[in-house]
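The structure under discussion appears below in the form of structure tokens.
Protein chains in written order, with my numbering: chain A, 1 to 301; chain B, 1 to 301.
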């Protein structure tokens, strides 16, 4: 099944358009896990991130169909961190979760292809190999069409998808993304290109395999984009800790309740203090609560 | 010494504003090395890339002061590839080379900081640790100021530098980079921001530690940018295999012969066929020839 229909099916099955971002930060990791893997060496940090994220996957899987590991934190632990990322992605898949690797890669031609194959896989000595296997990845579009197409080609061969950065959730996003490009802001011009990359690849759910990142912190822009581009999946960061609530993400959805997947990272992973011994219950409650809030959007409410 | 002055000093010492890009591609690696590490598994590929790149460093070091490993090819081999990248960067430093990690990272706030620390280092258990230690890295600026500043802060603490993508060398670069933003193309608006990030950080050589990528394949744009932004280092890809020659890169230089560092990857690494047993001499000759061609620019000729 193509990526867009798999995403729609997973969201419907779980009853919530929710994605949990796996952004492990040492200072937030439960003390019990930190102590077990201390002192804080690259290897110890990587092991703590691995244990915590794997626990988190199992805690949230009843409520959530999609997870988004943030590559940066694993990269910062060196090769050991990358091993942990690799096995975490495999573990998420084994739990039936759709995985979006948030690594914001971008490069041209065969270099872009190498980044894409690291996620979507390639043949090596007769076997399929993917360094960091995921169903989708995030892409920065600044370099242009010949730097996006290698990712899209590679994704499509694997029934995967990509999410292109269009309107990011940070306060500084306006610096370039709001530049007036002949009557429309830059982010809108990028969104136009994303819609074109989807042409001929719209699934049964009415959405394509090239999605866009549209921050929850800019609801009026989300509304404008939703109206203009009904066939594009939106990945919506900024829910919860970054300040976006249900009302802020509502404009990203279509009238049928599909069209967006909302990411929450800190709000679900770290709802309590590191010293809280009951952190697992807190994670479960945070996931349940976010899923329930967002579930109403899926029903078109 | 700050990054910009170190770069100027290295270029003057070697007599050429030349950077060798380490972009290992399996199909181009000398057969003798491929055979030694075959069959083609992720580990075998990583080991072949490591051996080839390390040999290449030693062959080019008499002519070249700067090297630019391309992260994508190492990432595509998984954790073993990342180990090879890590040790290759250390080896380049031990040879006295300035290293620019070409990984085009981009993200906001503490996530951007994690990517930056993976290159410029951080304190862990009382020791400095950098996953992929380099003197500089490439950055995609699309996300805005609060996604560039974490990289710049981290670089400055380590006397390092960053190169922001402004005008990339690919044919498709025009799609977004040439959009008319109130009378100037987008790439020019990005370049204006880069110049601002340099304010207060101009070295004795008259150039700052926030450089920009300006492809050799767009010489008229390079000339316009050179005139408008005299205090910004240009990293110029696209020399050699991508079609740029000395005349195409000349506009990137200031009248004093400084201001640009020209990258050549395939033209120096792979001047001959993989089956050529004399590939080492060919690499030496290619590096010598490129350095000699570009050396004339440094003298303001």
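The C-beta atom is built at its ideal place from N, Cα and C for all residues, glycine as well.
The structure displayed is predicted, hence computed values, not measured ones.
- In the structure shown, residue 7 of chain A falls within a helical segment according to DSSP collapsed to helix, strand and coil.
- Taking 8 Å as the CB threshold, residue 64 of chain B stays off the interface with chain A.
- The way I'd put it, the region 189-206 of chain B does touch the region 154-173 of chain B; three or more beta-carbon pairs between them come closer than 8 Å.
- When only Cα atoms are considered, residue 34 of chain B and residue 26 of chain B end up about 8 Å apart.
- If one requires a minimum length of 4 residues, the alpha helix (DSSP H) runs lying completely within the region 262-294 of chain B are 266-269, in chain order.
- Taken through DSSP and simplified to helix, strand or coil, residue 207 of chain A comes out as coil.
- Not flagged as an interface residue toward chain A: residue 227 of chain B, since no C-beta distance is shorter than 8 Å.
- The region 69-83 of chain B and the region 101-110 of chain B touch, with no fewer than 3 CB-CB distances between them shorter than 8 Å.
- Among the bridge pairs identified by DSSP, residue 129 of chain B is matched with B:122.
- Residues of the same chain with a CB within less than 6 Å of the CB of residue 120 of chain B, apart from the 5 flanking positions on each side, are 154, 155, 158 and 160 in chain order.
- Rounded to whole angstroms, the gap between the alpha carbons of residue 29 of chain B and residue 284 of chain B is 16 Å.
- For residue 179 of chain A, the residues of chain B that pass the 9 Å Cβ criterion are 179, 181, 182, 186 and 189, in the order they occur in the chain.
- Contact of residue 82 of chain A with chain B by beta-carbon distance below 8 Å involves 78, 79 and 82.
- A direct Cα-Cα distance of roughly 12 Å separates residue 19 of chain B from residue 234 of chain B.
- Residue pairing by DSSP places residue 180 of chain A opposite A:185 in a beta bridge.
- Counting other Cβ atoms within 10 Å of its Cβ, residue 278 of chain A stays below 16 and is therefore classed as exposed.
- In this structure residue 1 of chain B is exposed. Its beta-carbon is surrounded by fewer than 16 other beta-carbon atoms within 10 angstroms.
- C-alpha of residue 142 of chain A to C-alpha of residue 176 of chain B: approximately 6 Å in a straight line.
- Leaving aside the five residues that flank residue 113 of chain A on each side, the residues in its chain whose CB is nearer than 6 Å to its CB run, in chain order, 150.
- Against residue 110 of chain A, the close residues of chain B are 25, in the order they occur along the chain (beta-carbon pairs closer than 8 Å).
- Put simply, the region 8-22 of chain B touches the region 283-298 of chain B. At least three CB pairs are less than 8 Å apart.
- For the region 113-144 of chain B, the set of positions with a beta-carbon nearer than 8 Å to some beta-carbon of chain A reads 114, 115, 117, 118, 122, 124, 125, 129, 131, 132, 140, 141, 142, 143 and 144 in chain order.
- Per the C-alpha coordinates, the member of A:299, A:128, A:116 and A:133 positioned closest to residue 139 of chain A is A:116.
- Residue environment for residue 75 of chain A: buried (at least 16 other C-beta atoms within 10 angstroms of its C-beta).
- A:39 is the residue among A:148, A:131 and A:39 whose C-alpha sits nearest the C-alpha of residue 124 of chain B.
- Under a criterion of Cβ atoms nearer than 8 Å, the residues of chain A adjacent to residue 40 of chain B are, in order, 124 and 125.
- The region 238-247 of chain A makes contact with the region 208-228 of chain A; the number of CB pairs closer than 8 Å reaches 3 or more.
- With 16 or more other Cβ atoms from the protein chains shown falling within 10 Å of its own Cβ, residue 264 of chain A counts as buried.
- With its beta carbon less than 8 Å from one in chain B, residue 75 of chain A belongs to the interface.
- By DSSP's assignment, residue 244 of chain B forms a beta bridge with B:239.
- Between the beta-carbon of residue 208 of chain A and that of residue 232 of chain A there is about 6 Å, and that keeps the pair under the 8 Å contact cut.
- Inclusion of residue 67 of chain B and residue 7 of chain B in the CB contact set at 8 Å is not warranted, their separation being larger than that value.
- Taking 8 Å as the threshold, the shortest C-beta distance from residue 153 of chain A to chain B does not fall below it.
- Ranked by Cα distance from residue 58 of chain A, the options A:269, A:129 and A:206 are led by A:269.
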